[in-house]
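Participant:
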Amino acid sequence: MVNKVNSKSELIINGNILKALLSLIIPMSIGMFSLLVINLVDAYYIGKLGVLELSAISYAFPVLFTLMSFNIGIAIGISATVSKYIGQGDLYKAKKTVSNVMVLIFLLMVLLSIVSFLLNNYIFSLLGANGETLILINEYMSIWYIGSPFFACLVIGNSVLRANGDSIKPSCIIIITSLTNAVLDPIFIFGWGPLNAMGIQGAAIATTISYILGMNIMITIIRNENLLSFPSIKFMKLLKFSFPVLVIGLPAAFTMMLSPIVLGYINKIVSSHGSEAVAAFGVGLRIESLATVGIIAISSSLTPFIGQNFGANKHYRINTAINYSVVLSGIWGLIVAIPLLIFQKQFSNLFSTDILVKGYLIEYIKIISISYIFWGWSNIASAVFNGYQKPLTATLIYLSRLFIITIPLVIIGNYFYGLNGIFIGIMISNILSGILSILYVKNSNILKFYYS
C-alpha cells in the first residue's frame, strides 16, 4: 500500500506543476460545487414556501456556516499535516493522525451541537430574528444539529483523501451526497404519498440523511486506501496524535468561524432594511458560495501541494504553484462574474417571487460580482502559510481582512448609502484584501528563506 500512496504523490512532488494543481482543483471544484448545491437546493425549495421561510434560513446561514467552518478549519490542519507525512513517506503517522482526529472531531461536534441547540433562541435573537421567523429557525436547526457531526467526518475525510493526492473519489462522494439531498428535499418539504409535508424541517431532514450517507461512504474508502487504523482508547494518546493537526487546524477553525460571525453581524445590519433585504442577502451569499467554488478549490488544493513538497524539501516548486494559483483564481472570478452580471434578473427570479427580494438580489449581484476576480487571493495567502505550517500568520491575514477592512467598510457604506452601501463595502473589501494579501505573500520572509 505504500507504493500506492507514493504513486499518487508522484505527480504532486515530481510532475508538471500546473498539471498537478489542475488534477487537484478540477475534481475538487466539482465536488465542492455539488456540496454547496445542498444549500442552494434548500433555498430554492424553501423559497417556494414563502418569504418568512426564506428569511429563516438566511438567518440560519451564519450559524450553519460557523459550525461548518470549524470543520473546514480542522480539515485544513489535517490536509497540511497528513500531506507532509505522506511527502516524508511516514504512513504510520499519517494513519494514526487520521484515525484519532476523526474520533476527536466527531465528539467535539456532538458537544458543539448540544451547546448550540441549548442557546438557539438566544443566538438568533441576537442576530435579529423574532416571532414566527424564530419558530421556523428552531424547526430547521433542531434537525440540522443532529447531522453536523456526520458532516464533520465527511469534510475531514474529504481532506484526508486530497492530502493523499486523490481528488476524484472524494468529489464523487460529495456528488452522491448532493444528489441524495436534491432528491429527498422536495419529498420531505412538500410530502409524497403517505409522507406528510414537513416544510422547512423537511429540508433539514433531507440534508441530515445525505450527510450520514456521505460519511459512511467516505469512511469506507479511507479504510480501503489503508489510511485508517484503530484510534487510541486513552484520551491523552488521542490528543498526542491529533496535536499537530490541532496546532494548524484550531487557528484555521477560529478564523474560519469568525467569517460567518462577521456575516451574522452584517446580516443584523441588513435586517434594519427589512425581512426582504435579509432574504435577498441570504440568497446572494448562497449564489456567491457557488460562484466562488473554483476559487476555494484553488486555495484548498494549494495546501496539500505545499504540504507534500514541503515534506519532500522541494520548496522551489511552491513559488511556481503560488503564481499559477493567483492567475487561475483571477480567471475564475472573471468567468463567473460575467454570466452573473448578464443574467442577474434570471437568477433573482429563481429564488423568489417577491418584488423587493428580487430587486435587492439584483443590486447584490450587480455590485459585488466583479470583485470575485480578487476574492480568492487572500484565501491563497492563508493557504500558503498553512501549507508551511505557519497558522498564526494565516490567522493574521484572515483577521485583518474581516476586522480592519470588511466591517469598517460595511458600517461606513450602510451609513451613507443604506443597503447598497453595505454591498459596496463588501465589494471594496474583496478587492483591497485580495491585493494586500498577495503583496504580503510575495514579500514574506518565510518564502524568501526557503527559496534562497
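Straight run, no breaks: the sequence shown in the working numbering ends on number 458. Note that beta-carbon positions come from the ideal geometry of N, C-alpha and C, so glycine has one too.
State the beta-bridge partners of W381 as determined by DSSP.
Facilitator: Looking up residue 381 in the sequence shown gives position 375. According to DSSP, W381 bridges with nothing at all.
Participant: When burial is assigned at 16 or more other CB atoms within 10 Å of the CB, is R229 buried or exposed?
Facilitator: Looking up residue 229 in the sequence shown gives position 223. The residue is exposed, with fewer than 16 neighbouring Cβ atoms inside 10 Å.
Participant: Might you give, ordered along the chain, the residues of its own chain that have their beta carbon closer than 7 Å to the beta carbon of V161, omitting 5 neighbours on each side?
Facilitator: Taking the first residue of the sequence shown as position 1, residue 161 is located at position 155. Once the five neighbours on either side are set aside, the close Cβ partners of V161 are N77, I78 and A81.
Participant: Where does V234 sit, in a helix, a strand or coil, going by DSSP?
Facilitator: The sequence position of residue 234 within the sequence shown is 228, counting from 1. The displayed chain sequence assigns Leu, not Val, to residue 234. Looking at L234 - three-state DSSP - the assignment turns out to be coil, as it is neither helix nor strand.
Participant: Around the Cβ of V468, are there at least 16 other Cβ atoms within 10 angstroms (buried) or fewer (exposed)?
Facilitator: This structure cannot settle anything about residue 468, because the visible part of the chain is limited to 7 through 458.
Participant: Based on DSSP bridge pairs, tell me the residues matched to L201.
Facilitator: Here residue 201 corresponds to residue number 195 of the sequence shown, with the count starting at 1. DSSP output for L201 lists W198 as bridge partner(s).
Participant: Consult DSSP for A318 and reduce its assignment to one of helix, strand or coil.
Facilitator: The count along the sequence shown starts at 1 and reaches residue 318 at position 312. Coil at A318, not helix or strand.
Participant: Report all residues from its chain with a CB closer than 6 Å to the CB of G197; omit the five preceding and five following residues, and keep chain order.
Facilitator: Residue mapping note: residue 197 aligns to position 191 of the sequence shown, counting from 1. So the qualifying residues of the chain are A203.
Participant: How big is the Cα-Cα spacing for K372 and L346?
Facilitator: Looking up residue 372 in the sequence shown gives position 366. Looking up residue 346 in the sequence shown gives position 340. For K372 and L346, the distance between alpha carbons rounds to 8 Å.
Participant: Ordered along the chain, which non-local residues of its own chain (more than five positions away) have a Cβ less than 8 Å from that of A49?
Facilitator: In the sequence shown, residue 49 corresponds to position 43, counting from 1. Result list for A49: L60, I63, G288, V289, R292 and F357, in chain order.
Participant: Does DSSP classify Q395 as helix, strand or coil?
Facilitator: Position 389 of the sequence shown, counted from the start, is the residue given in the question as residue 395. The answer is coil: DSSP assigns Q395 none of H, G, I, E or B.
Participant: Are the beta-carbon atoms of V253 and I84 separated by less than 7 Å?
Facilitator: Reading the sequence shown from its first residue, position 247 is the one you call residue 253. Reading the sequence shown from its first residue, position 78 is the one you call residue 84. For V253 and I84, no; Cβs fall outside 7 Å.
Participant: How many whole angstroms separate the CB atoms of V69 and I272, which I take to be in contact at a CB cut-off of 8 Å?
Facilitator: Walking along the sequence shown from the start, residue 69 turns up at place 63. Walking along the sequence shown from the start, residue 272 turns up at place 266. Going by Cβ atoms, the distance from V69 to I272 rounds to 14 Å, so no, they are not a contact pair.
Participant: Between G270 and the rest of its own chain, which residues show a CB-CB distance below 6 Å, the 5 nearest in sequence each way excluded?
Facilitator: The sequence position of residue 270 within the sequence shown is 264, counting from 1. Cβ neighbours of G270 beyond the five flanking positions: P68 and L133.
Participant: Report the three-state DSSP secondary structure of T359 (helix, strand or coil).
Facilitator: Numbered from 1 along the sequence shown, position 353 holds the residue referred to as residue 359. Looking at T359 - three-state DSSP - the assignment turns out to be coil, as it is neither helix nor strand.
Participant: For the putative contact between G382 and T298, defined by C-beta atoms under 8 Å, what is the C-beta separation to the nearest angstrom?
Facilitator: What you label residue 382 is simply residue 376 of the sequence shown in a count that begins at 1. What you label residue 298 is simply residue 292 of the sequence shown in a count that begins at 1. With a Cβ gap of about 7 Å, G382 and T298 count as contacting.
Participant: If we count Cβ pairs, one from each stretch, closer than 8 Å, do we get three or more for the segment 175-192 versus the segment 313-324?
Facilitator: Contact fails: fewer than three Cβ-Cβ distances are below 8 Å.
Participant: Would DSSP call L125 helix, strand or coil?
Facilitator: As a position in the sequence shown, residue 125 is number 119, starting the count at 1. Coil at L125, not helix or strand.
Participant: Is it buried or exposed, L367, if we count other Cβ atoms within 10 angstroms and call 16 or more buried?
Facilitator: Working through the sequence shown from its first residue, we reach residue 367 at position 361. By the neighbour-count rule (16 or more Cβ atoms within 10 Å), L367 is buried.
Participant: Taking 6 Å as the limit between beta carbons, can you name the residues of its chain near S331, skipping five residues before and five after?
Facilitator: As a first step, residue 331 is located in the sequence shown; it is residue number 325 there, counting from the start. Correct list, in chain order: I304, L308 and I386.
Participant: Roughly how many whole angstroms lie between the Cα atoms of I267 and F429?
Facilitator: If you number the sequence shown from 1, residue 267 lands on position 261. If you number the sequence shown from 1, residue 429 lands on position 423. Approximately 17 Å between the Cα atoms of the pair.
Participant: Excluding the 5 residues flanking S265 on each side, which residues of the same chain have their C-beta closer than 8 Å to its C-beta?
Facilitator: Position 259 of the sequence shown, counted from the start, is the residue given in the question as residue 265. The answer, listed in chain order, is F71, S75, Y404 and L408.
Participant: For G153 versus Y217, is the C-beta distance shorter than 7 Å?
Facilitator: Here the question's residue 153 lines up with position 147 in the sequence shown. Here the question's residue 217 lines up with position 211 in the sequence shown. Yes, the Cβ-Cβ distance between G153 and Y217 is below 7 Å.
Participant: Does the segment 206-214 come close enough to the segment 140-159 that 3 or more CB-CB pairs lie under 8 Å?
Facilitator: They touch, by the three-pair rule.
Participant: How would you label K243, buried or exposed, when you count the other beta carbons within 10 angstroms and need 16 or more for buried?
Facilitator: As a position in the sequence shown, residue 243 is number 237, starting the count at 1. Answer is exposed; the Cβ neighbour count stays below 16.
Participant: If you draw a straight line from the C-alpha of L73 to the C-alpha of K101, how long is it?
Facilitator: Residue numbering aside, residue 73 sits at position 67 when the sequence shown is read from its first letter. Residue numbering aside, residue 101 sits at position 95 when the sequence shown is read from its first letter. Going from the Cα of L73 to the Cα of K101 covers about 26 Å.
Participant: So which of E294, N315 and G300 has the shortest CA-CA distance to I31?
Facilitator: Translated into the one-based positions of the sequence shown, residue 31 becomes position 25. Closest option to I31, Cα to Cα, is G300.
Participant: Check each candidate in L233, N144, T326 and F247 and name the one with the smallest Cα separation from S122.
Facilitator: Counted from its first residue, the sequence shown places residue 122 at position 116. The shortest Cα separation from S122 among L233, N144, T326 and F247 belongs to N144.
Participant: Alpha carbon to alpha carbon, what distance is there between M38 and I180?
Facilitator: Taking the first residue of the sequence shown as 1, we reach residue 180 at position 174. Taking the first residue of the sequence shown as 1, we reach residue 38 at position 32. C-alpha separation (whole angstroms): 7 Å.
Participant: Could you tell me the alpha carbon to alpha carbon distance between N460 and F130, rounded to whole angstroms?
Facilitator: What is shown of the chain runs 7 to 458, which leaves residue 460 out entirely.
Participant: Quick one: residues in its chain with C-beta nearer than 8 Å to the C-beta of I206, no 5 flanking neighbours on either side, listed in chain order?
Facilitator: Stepping through the sequence shown from its first residue, residue 206 is reached at position 200. Excluding sequence neighbours, I206 sits near I52, L55, E59, A62, I63, L142, E145, Y146 and I195.
Participant: Give me the Cα-Cα distance between T399 and S388, rounded to the nearest whole angstrom.
Facilitator: Translated into positions along the sequence shown, residue 399 becomes position 393. Translated into positions along the sequence shown, residue 388 becomes position 382. The straight-line gap from Cα to Cα measures roughly 8 Å.
Participant: For V333, is the classification buried or exposed, using 16 other Cβ atoms within 10 angstroms of its Cβ as the cut-off for buried?
Facilitator: As a position in the sequence shown, residue 333 is number 327, starting the count at 1. Exposed is the call here.
Participant: Determine the extent of the alpha helix (DSSP H) in which A135 is found, giving its start and end residues.
Facilitator: Your numbering for residue 135 matches position 129 in the sequence shown. Taken as a continuous stretch (DSSP letters only), A135 belongs to no alpha helix (DSSP H), as it is neither H nor E.
Participant: Hey, quick one: how far does the alpha helix (DSSP H) through F409 stretch, first residue to last?
Facilitator: As a working mapping, residue 409 is identified with position 403 in the sequence shown. Looking at the DSSP string, F409 is not in any alpha helix (DSSP H), and its letter there is neither H nor E.
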